[in-house]
Amino acid sequence: MKYLIIYAHPNPKSFNAAIKEQVVSYLKSKGKEVVVRDLYQLGFNPTLSGNDFAQFLQGQIPLDIKKEQELIGEADTLIIIHPIWWFNLPAILKGYIDRVFSHGFAYKFADGEIKGLLTGKNVIIINTTGGPQENYENFGYKDALKLTICNGIFAFCGMSVKSHKFFYAVPTVSNDARTKMLEEIKALDF
Ligand code: FAD
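Written as structure tokens, this is what we have:
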């Protein structure tokens, strides 16, 4: 079982970094194979450009995209770790999806239908928020994010979303509460 962590936070001392480290150490303690793609550390280029489209049209894949597609191809489970920014993915991760989850790799049009091509792969999403849980649940933000991220991206591409975990109000809860959040990671169904 191979795990690919796709991680998007610019601060190596952030709580998201602590989540990523906790996931890595937990999976390694279970003898699992884990690869981490730290998008900021990689300096991943998030702009889907005219040059990318020109290459796609010629049946070619830019090398940086190809590398990510190979890693996704080898993985059984993708673990996506990021903060919620403006009720969405951080731009670097949105750009990763734009460029890497390309037509012909992640999905295709066939017989008048759209077909996901990443079938057989699982996804686990771990998000942190600034806002409290009640806002997310009472005002529909959680449902909206599940719809756009789980369904609109990963299920659309044929993947099975095993869990979408939210850690709420991370900057304002107590340190003890954050420590408990990190412990909860071990209870996720990896
Ligand atoms: P950090 O700020 O890195 O850390 C939070 C706290 O955890 C700090 O006190 C830190 O010292 C502490 N910490 C770090 N490591 C550990 C550890 N190992 N154990 C215990 N504590 C630790 N929120 C929303 O809800 N909706 C939005 O639309 C939204 N938009 C945003 C847009 C932008 C551009 C930004 C910058 C923030 C936005 N936020 C929003 C808030 C954002 O979601 C939260 O600030 C973020 O999720 C918190 O995670 P973090 O990793 O950045 O936390």
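In our numbering, the protein residues as written are 1138 to 1327. Cβ coordinates follow ideal geometry from the N, Cα and C atoms, glycine included. Predicted, not measured: the structure shown is a model, and the values here were computed from it.
Consult DSSP for residue i and reduce its assignment to one of helix, strand or coil.
| i | result |
| --- | --- |
| Asn1288 | helix |
| Asn1259 | strand |
| Val1307 | coil |
Go ahead and label residue i buried or exposed: buried means 16 or more other beta carbons lie within 10 angstroms of its beta carbon, across all protein chains shown.
| i | result |
| --- | --- |
| Leu1200 | exposed |
| Lys1165 | exposed |
| Met1138 | exposed |
| Asp1326 | exposed |
Residue range of the alpha helix (DSSP H) that residue i falls in?
| i | result |
| --- | --- |
| Thr1316 | 1312-1321 |
| Ile1156 | 1152-1166 |
| Lys1279 | 1278-1282 |
| Gly1210 | 1200-1211 |
| Leu1098 | Residue numbering for the chain in the displayed model covers 1138 to 1327; residue 1098 lies beyond these limits and cannot be assessed. |
Quick one: measure Cβ to Cβ for residue i and residue j, integer angstroms, because I've assumed they're closer than 8 Å.
| i | j | result |
| --- | --- | --- |
| Ile1221 | Leu1215 | With a Cβ gap of about 18 Å, Ile1221 and Leu1215 do not count as contacting. |
| Gly1253 | Gly1295 | 2 Å |
| Ile1142 | Ile1218 | 6 Å |
Should residue i be flagged as near chain C, meaning a C-beta pair shorter than 8 Å?
| i | result |
| --- | --- |
| Thr1309 | Among the protein chains of the structure shown there is no chain C, as only one such chain exists. |
Considering just the uninterrupted stretch of the beta strand (DSSP E) at residue i, what are its terminal residues?
| i | result |
| --- | --- |
| Val1298 | 1297-1304 |
| Phe1246 | 1244-1247 |
> For ligand 1, which residues have a Cβ under 5 Å from at least one heavy atom, in chain order?
Replying inline: Ser1151, Phe1152, Asn1153, Ala1155, Pro1220, Ile1221, Trp1222, Trp1223, Phe1224, Thr1265, Thr1266, Gly1267, Gly1268, Val1307, Pro1308, Arg1315
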